[in-house]
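Chains as they are written, first to last, in the numbering used here: chain A, 4 to 429; chain B, 525 to 916.
Right, here's the structure in full:
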């Protein structure tokens, strides 16, 4: 508090550098409430709409079709429906229609299916961020989870249902954790920048997966050597489904695991010593070191836990609805990358990540070939539109800081005495 | 003082042993390919183990980096050697036609060279450019679009450069004036380019793809230069020119001194009157233009068509080349050649090895990971890379 001016979050340090990412994030975390993320998303959708308009399509109708494709309109279709009480044959009155043969309900289950891994890959980015690390290796960690998940799921066929599922999910999560921990270890020991190492690990997982399931690859299926795809996982390794036809990508219990992940994320960060240390390192590694916290240990642990979330996402996708993994699946997947936008839009908090994952899950499902009405807008275009909106969200998250800066500067100008007094008393 | 054991001068130093180990590791692989073509798996294993032994010996005597390098080279040599002894001989002869391999290496190295030298300028000025991939992709698409609409490859290159420069300008504004996190903004650029090029590609060309008669960047035919160098594409020659120009600019001119000082210590540079912002803007935009030219070479130089996400990671390999090449033009070029060779090999080896050849595509990333881990000589980025500067 001896130098109150240089302590302000967005001021430069004496060397002339802008404040560190972690410090800015910490400020961003506190400032502006929920308004800035919402404005970010709205601006991104507006800009996307301009592109749609400029190419001769109607943005309003397009977004309406995407909204309906995501199944979120289900929430507005209230009426007189019934729902079965679990484990009984009793039906009771329910406000919403849960019959997944109907389009809206089915689309909504698909949105939730996409939301599940997005929550977890979002947490993978968010957890590392709280430790001051930028984990853009969520994709590689997710892929490791899928690879190990499909391996365990298709082997060990004589295991019981629950042990098999738990074993496969645990191994998938540990594979992701290992992949993350490599980056954390390199950061902690030789100071290799985690962004560089995680990028490299992403692509190693990408080509490794392409090798393993490719033609004559070690994990290719045993039935048709012409198809570069893995064996199907055993029936015993399928996650239990909640509603819908299990062969048509039914909603599975993974969404609860993801919500459990959100709760675990909150509890670890806010209620445990580990979380305290992680956040302390995130705010200021030097101060944390001075306070007796092992920065190296926290870097490794934070990356491992991040990878754990992403690997779990991969395992859940495989055991929940994919059931097999092809070279193409490895190559076109970008769930881990979208996790970056999810985490940043959700401000690295549990609730924010959950909501942002739902937004992106709905966007991805609404723009998919299966859900979007091709009469209104071609799904191939819509998929790219979703990518653009995601990119714009990322860009505006950066621009947010400018808005906050202006906000802060304006307040300083208006209330110089009051601001100083408040700081002094704080 | 007087008890220090002196080494007889004819014995090699530990460092030389370690370097010898690296050479042995490569030799282990070389034995199994034409012209020697050793068929027994024992040869590469034996030679590779010697390399590893030399490496371990060096590491225990505190010559870490070359020692670990020798161990890695031995392992890689054994692995590759075993793989190729399993392949059949006549196939190997076809694969390892050195002249074809060399020209194919140059083809795959050229886009990497352009993008890597671009990325090097940006990072030297203190702005990390993760968006190289997106800038390359935009160059590939807008190069094809420009070449098609104006019916000239020159206009294709111009359009590519403008598009890449435009994306880079967005990154520059974000990174320099808005002081956004450069990784976030670079990632955004990648996705924006992926979405935008995909969107307009489908909107304009639909399912038919780019027309088959797209104007192509011409080859330079000089028969006197022989089989490999006689028929190279113009862009490949330009990449050599660029390499030399970049080296001279960066290390022999005041401009280069400014770029480097802005990237190492912006406050000091500012104090002596160098405009930090202007220098950084110029360097970032230049990186976008160069990356886009590399991308345009892929679409209108080499393949003659554009497809969605056609760069699939080339930009990241270029980024890896910048790091592997230690932020120097010749280093980046050497890394680009090495990585180009691994891509070329992965395609050439697809015949005898089948799917295992895709592992060569992962080699650049593995090598870069090893390099940043400090095993093969430590890579040290410019001091201010990734940190926005605030003028006082």
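Don't be surprised by glycine CBs; every beta carbon is placed ideally from N, CA and C.
Only a predicted model underlies this, so the values are computations on that prediction, with no experimental measurement involved.
{"Check": "Any C-beta of chain A under 8 Å from that of residue 723(B)", "Outcome": "yes"}
{"Check": "Cross-strand partners of residue 99(A) (DSSP beta bridge)", "Outcome": "81(A)"}
{"Check": "Proximity to residue 953(B) [Cα-Cα], best of 600(B), 913(B), 549(B), 678(B)", "Outcome": "Missing from the structure shown is residue 953(B); chain B here goes from 525 to 916 and no further."}
{"Check": "Contact test: residue 708(B) Cβ vs the ligand ADP heavy atom, cutoff 7 Å", "Outcome": "With respect to the ligand ADP, the structure shown offers nothing to examine, as it has no ligands at all."}
{"Check": "Selection from 906(B), 595(B), 658(B), 649(B) that minimises the alpha carbon distance to residue 720(B)", "Outcome": "658(B)"}
{"Check": "Where residue 146(A) falls: helix, strand or coil (DSSP)", "Outcome": "helix"}
{"Check": "Residue range of the unbroken beta strand (DSSP E) whose run includes residue 755(B)", "Outcome": "755-757"}
{"Check": "Alpha carbon of residue 359(A) to alpha carbon of residue 393(A), nearest angstrom", "Outcome": "11 Å"}
{"Check": "Cross-chain neighbours of residue 151(A) in chain C, by beta carbon under 7 Å", "Outcome": "Of the protein chains in this structure, namely A and B, none is chain C."}
{"Check": "Of the residues 782(B), 882(B), 666(B), the one placed nearest residue 209(A), counting alpha carbons only", "Outcome": "882(B)"}
{"Check": "DSSP beta-bridge partners of residue 745(B)", "Outcome": "755(B)"}
{"Check": "In DSSP terms, what residue 246(A) is bridged to", "Outcome": "254(A)"}
{"Check": "For residue 94(A), the three-state DSSP class (helix, strand or coil)", "Outcome": "strand"}
{"Check": "Whole beta strand (DSSP E) elements within the region 614-690 of chain B, 3-residue minimum", "Outcome": "none"}
{"Check": "Residue from 887(B), 910(B), 786(B) whose Cα sits closest to the Cα of residue 207(A)", "Outcome": "887(B)"}
{"Check": "Beta-bridge partners of residue 87(A), as assigned by DSSP", "Outcome": "94(A)"}
{"Check": "Burial state of residue 87(A) (16 or more Cβ within 10 Å)", "Outcome": "exposed"}
{"Check": "Contact the region 742-757 of chain B vs the region 688-702 of chain B: 3+ CB pairs below 8 Å", "Outcome": "no"}
{"Check": "Interface flag, residue 100(A) vs chain B, CB-CB below 8 Å", "Outcome": "no"}
{"Check": "Status (buried if at least 16 other CB within 10 Å, exposed otherwise) for residue 227(A)", "Outcome": "exposed"}
{"Check": "Among 302(A), 308(A), 305(A), 263(A), nearest to residue 353(A) - alpha-carbon criterion", "Outcome": "263(A)"}
{"Check": "Any C-beta of chain B under 8 Å from that of residue 113(A)", "Outcome": "no"}
{"Check": "Residue environment, residue 435(A), which counts as buried when at least 16 other CB atoms sit within 10 Å", "Outcome": "The first residue shown for chain A is 4 and the last is 429, placing residue 435(A) beyond what the model contains."}
{"Check": "Chain B within 8 Å of residue 371(A), Cβ atoms only", "Outcome": "no"}
{"Check": "C-beta neighbour in chain B for residue 327(A), strict 8 Å", "Outcome": "no"}
{"Check": "Amino acids of chain A, ordered along the chain, whose beta-carbon sits closer than 7 Å to that of residue 889(B)", "Outcome": "203, 206, 207"}
{"Check": "is_contact[residue 400(A), chain B] using C-beta, thresh 8 Å", "Outcome": "yes"}
{"Check": "Helix, strand or coil at residue 785(B) according to DSSP, with G and I counted as helix", "Outcome": "helix"}
{"Check": "Own chain partners of residue 885(B) with C-beta closer than 6 Å, once the 5 adjacent residues on each side are dropped", "Outcome": "870"}
{"Check": "Three-state secondary structure assigned by DSSP to residue 233(A)", "Outcome": "strand"}
{"Check": "Inter-residue spacing [alpha-carbon to alpha-carbon] between residue 781(B) and residue 547(B)", "Outcome": "36 Å"}
{"Check": "Span separating the alpha-carbon of residue 166(A) from that of residue 221(A)", "Outcome": "25 Å"}
{"Check": "Simplified DSSP state of residue 836(B), which is helix, strand or coil", "Outcome": "coil"}
{"Check": "First through last residue of the alpha helix (DSSP H) which encompasses residue 197(A)", "Outcome": "197-216"}
{"Check": "Residue-level contact to chain A via CB, residue 543(B), 8 Å cutoff", "Outcome": "no"}
{"Check": "Cross-chain neighbours of residue 58(A) in chain B, by beta carbon under 7 Å", "Outcome": "727"}
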